[in-house]
Every structure is written in structure tokens, then in C-alpha cells.
Amino acid sequence: MKQLMFHDDPPFWFETLRNLGLAAYGGSDVGEVIATASGVTPGDYDSWHDAWLSTAERLEAEARGSHPVSARDGLLRASSYYRAAEFFLHGHPEDPRIDHAYERGVSCFRDAIAHFPGVTPVEIPYEDTVLYGYFYRATDEGPRPAVVMHNGFDGAAEELHFSGALGGQERGYHVLTFDGPGQPAAIHRDGPAFRPDWENVVGPVLDFLTQDPGVDPARTALLGVSLGGYLAPRAAAYEPRLAAVVALDGVFDAVSALTAHLPLPHEEAVRRAAVEHDGEMDRLIADVRARSPILRWAFDHGRYVTRTSNDREFLAEYARYSFKDGSAGKITCPVLVCEATDDLFYSTAEESDPRKLYRHLTAPKTLLSFTEEEGGDAHCHPGALRLAVARIFDWLDDTI
41 MKQLMFHDDP PFWFETLRNL GLAAYGGSDV GEVIATASGV TPGDYDSWHD
91 AWLSTAERLE AEARGSHPVS ARDGLLRASS YYRAAEFFLH GHPEDPRIDH
141 AYERGVSCFR DAIAHFPGVT PVEIPYEDTV LYGYFYRATD EGPRPAVVMH
191 NGFDGAAEEL HFSGALGGQE RGYHVLTFDG PGQPAAIHRD GPAFRPDWEN
241 VVGPVLDFLT QDPGVDPART ALLGVSLGGY LAPRAAAYEP RLAAVVALDG
291 VFDAVSALTA HLPLPHEEAV RRAAVEHDGE MDRLIADVRA RSPILRWAFD
341 HGRYVTRTSN DREFLAEYAR YSFKDGSAGK ITCPVLVCEA TDDLFYSTAE
391 ESDPRKLYRH LTAPKTLLSF TEEEGGDAHC HPGALRLAVA RIFDWLDDTI
């Protein structure tokens, strides 16, 4: 969407839009977001943190002294603003502000959902640890279809409350959200880092979900948001229990979002990232990230969630998140691929990543584009959350 603020800083504007969009399901208030963002110095991560933390703390204090419904609403919004506060700090993982804001946000969210019927925190057994998430129980009688939802490169399970979990529950679906390896609950609690073979994550989650007698295991879908648009289809390629998969938005080759900003051909950048030493490549990345707000944030956060030691090592690791291995053709269940027509990360003059993924699918498939006219042309459609949730769940209704 047109940048109404932060004209020279696309990540700051996108995160502002992302928080504006949460208002559709009670995760923010428009005036609060605009007032907070107006106090931020463009490009200044400390200023961003301070502004959002101040709003979150003020709102939490008021909410905790309010009557139950008002407290619920205020705590939900505070949880979003705490999450925003620590978003750009991950280049320095030792910064105590990161965990402070994260833990306050989760605390606010959990206290808020105690007032929502049928929503409970869950812990899902996974290897030698657990994955943290939330179960949204449908009110309809009898075995119901279910949707498993996870986020992507930087989103949290708590954010999914606003971008599909509530919408699915009110349509009669059980919804299970979770943070997998590399996602916020895991990283903040010293859990596992990201891994591309997401089927090994989704398998234990489905084991957990299908133990519930109210879940119809033959009508269980998987929905992945952002980088989840790679992770969810990847899991579907090797997990036969899924009845459908949604890529919101589709990702064919994750690292292309980074190499597109480097003055090297894609294949050369990937090859050179993987070598043991390449000082020239290190200097090139440092030079480009110094001039690109997108790469500055992406490399900082990427090292944080993959636990890689430098930018080039992260670039090499991220290149593993790709369907160039042919695994998209192994998916057999129906696939919905969503596309933002002006995606900050994956739109190109040639062929967008969602369309590349769509082209490589051999299973029944649907491509769903969101446009500027609809207010939904930004990555994962934060300006049109109600519209996106409606279209996705209508497709699920028709499919499973």
C-alpha cells in the first residue's frame, strides 16, 4: 500500500501498516498506532522501541485497572504494541529489552484470552522440548474440521489470533496456532532454531491435535503465513494427513527476497555465501545493508532466528528454504496460494514467488491475488485482514 508514513523506510512503514491492520480483530486501535508511529524517528531502532514500549506500558496499566471487557480489549492491544517494540532489536540478541517486551506482550495476551470462550494455551510435545501455542475450540457439536496455523520469519503465534484464528473459530473450525523452531516462543525460551524440513515440525503438531475427539482428522488443513508460505507447503509435500494447505503468501525460494538487493546474479550470491571465507562478499553485503533498510533488518533478524554467526552464513542457511529441489511436485492435497500484487519482499518484474510456487504445483491448486484496489496488495495483506480471512476460509469451506 502507498506509504503514508516513513517514506524512505519501507520496513518501518510496513510494520506500521501491519499494526494498523490488527485493528480489524481488536489487536490495535488506529489512532494509537498513528500517534505512536508519529513519535518515531525514521531509521532509528531505539526510537521505534521507545515509542511502542511507552504506548504498550500506558495501555497495559490502564487495562489492568479496567472492568473485564475493557481489560480484555486493552490487554490485547498492549500485547501487539509490546511485540512491535522489540521487533527491530534482534541484531543484538543480548539486549535485555528484547525479552522484556516479549514477555510482557505474551503475559498481556494470555490474560486477555482468558476472557475468550474456548481459547486455551497449549504445549505441544516436540523432540526433547515443547512448542507453545493456542487452541481455539469451535462451539459446533460433533467432529469439526480443523486448521493448524503458524507464522513465518518474524511473526508470533499470538499475532495469528487476529489473522485467522478468531475468524476460523467463528466459522466452526477448531484452530491450533503454534510457534515452531526459530519462531518467537522457541527463540525467546532458548528452544530450537529454524529448520527448513517443516514436515518434522508439523508431524508432532498433528499427532497432538488429532488426539482431541472433537477434531475430524480427515478434514485438517495447514495454513502458513509469510515465510510460512514456504514452510506449510513444504510440510504438505511429506505429510499425507493434511486435507489442504494454504500459503499466505506463497514462497518458492525464500532467499530471493535478499539476493534481489545484491549486485550479483542470484546463483552466484548463493554459491559465494556457502564458501568458508569470502571477504569480498562480506564487504559487499555490509555495504548493501548499510544502504538498504530492508536488508539491514532482514540480516539482523535472520541471524537471530537461525543462530548463524554472520550475514553471509545466514544467507547460505536461508538458501535451503527453496522448492528448487522439486518437492512442490510431491504435494497431493489441494493448495491455495495467496499473492500480494505489490509485495515488499517477493514481487518482481518477471514472476512473483507465489506464481513460481503455483506453477510448480501438480496438485489441485488455486491462486488468489490481493490488489491495491482492495487495500490488500502488501505482503500478507495487513490492510485487508477481514477480506483475506473471508476468502481463505470460504476456500477451505469449499475444499474440506
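Residue numbers for the sequence shown follow my numbering, so the first one is 41 and each next one is one higher.
C-beta atoms are modelled at their ideal positions from N, C-alpha and C, and glycine is treated no differently.
Counting only the same chain and skipping the five closest in sequence on each side, list residues whose C-beta sits under 7 Å from that of residue i.
i    : result
Y213 : A178, R184, P185, A186 and V187
H301 : V328, S332, I334 and L335
F46  : F52, W53, T56 and P82
Going by the CB atoms, is the gap between residue j and residue i shorter than 8 Å?
i    : j    : result
L397 : F292 : yes
A368 : A275 : no
H89  : L129 : yes
P51  : I334 : yes
H400 : D289 : no
G195 : S266 : yes
A96  : A103 : no
E413 : A424 : no
T381 : T406 : no
E210 : R123 : no
A141 : A125 : yes
T346 : G220 : no
V215 : M189 : yes
To the nearest angstrom, how far is it from the Cα of residue i to the Cα of residue j?
i    : j    : result
G243 : E167 : 11 Å
G269 : Y358 : 14 Å
V328 : A309 : 13 Å
G173 : R150 : 11 Å
D322 : G342 : 16 Å
I138 : F127 : 8 Å
I371 : L427 : 27 Å
I440 : P136 : 45 Å
N240 : L62  : 31 Å
V159 : D340 : 34 Å
V170 : L249 : 14 Å
Y176 : F218 : 11 Å
D448 : E353 : Because the chain is modelled from 41 through 440, residue 448 falls outside the range shown and cannot be assessed.
Q43  : D437 : 35 Å
P165 : W337 : 32 Å
H132 : P404 : 44 Å
D383 : D417 : 7 Å
E143 : G231 : 15 Å
L200 : R58  : 12 Å
V245 : R360 : 23 Å
Y85  : P253 : 47 Å
W238 : P157 : 31 Å
F193 : D180 : 33 Å
L262 : P236 : 16 Å
For residue i, does the count of other Cβ atoms within 10 angstroms reach 16, so buried, or fall short, so exposed?
i    : result
P374 : buried
G105 : exposed
S78  : exposed
Q251 : exposed
S120 : buried
E391 : exposed
N191 : buried
D365 : exposed
H421 : buried
G182 : exposed
L355 : buried
S362 : buried
V315 : exposed
T402 : exposed
G145 : buried
S296 : buried
A283 : buried
A33  : There is no way to answer for residue 33, as the model of the chain reaches only from 41 to 440.
A330 : exposed
D48  : exposed
A294 : buried
Whose C-beta lies closer than 8 Å to the C-beta of residue i among residues of the same chain, with five residues either side of it excluded?
i    : result
A287 : G264, G268, G269, Y270, A272, P273, V375, L376, V377, C378, P394 and L397
E72  : T95, L99, R117 and Y121
D256 : P183, R184, P185 and A186
P108 : H155
L324 : L302, P303 and L304
At a Cβ threshold of 8 Å, is residue i touching chain D?
i    : result
E181 : Among the chains of the structure shown, chain D does not appear; only one protein chain is present.
By Cβ distance below 6 Å, which residues in the same chain neighbour residue i in space, the five residues on each side in sequence not counted?
i    : result
T299 : H306 and A309
I153 : V159
R259 : P185, A283 and I440
R281 : L246
Y462 : The requested residue 462 does not occur in the structure, where the chain is confined to residues 41 to 440.
D351 : I325 and F339
Touching or not, the segment 221-233 and the segment 299-310, by the rule of three or more beta carbon pairs under 8 Å?
Taking one beta carbon from each stretch, the segment 221-233 and the segment 299-310 have fewer than 3 pairs nearer than 8 Å; the two do not touch.
For the 8 Å Cβ check, are there 3 or more pairs between the segment 58-73 and the segment 110-129?
In this structure the segment 58-73 lies against the segment 110-129, because at least three pairs of beta carbons, one per stretch, are closer than 8 Å.
Does the segment 202-220 touch the segment 415-432, meaning 3 or more C-beta pairs lie closer than 8 Å?
Yes, since at least three Cβ pairs between the segment 415-432 and the segment 202-220 fall closer than 8 Å, the two stretches touch.
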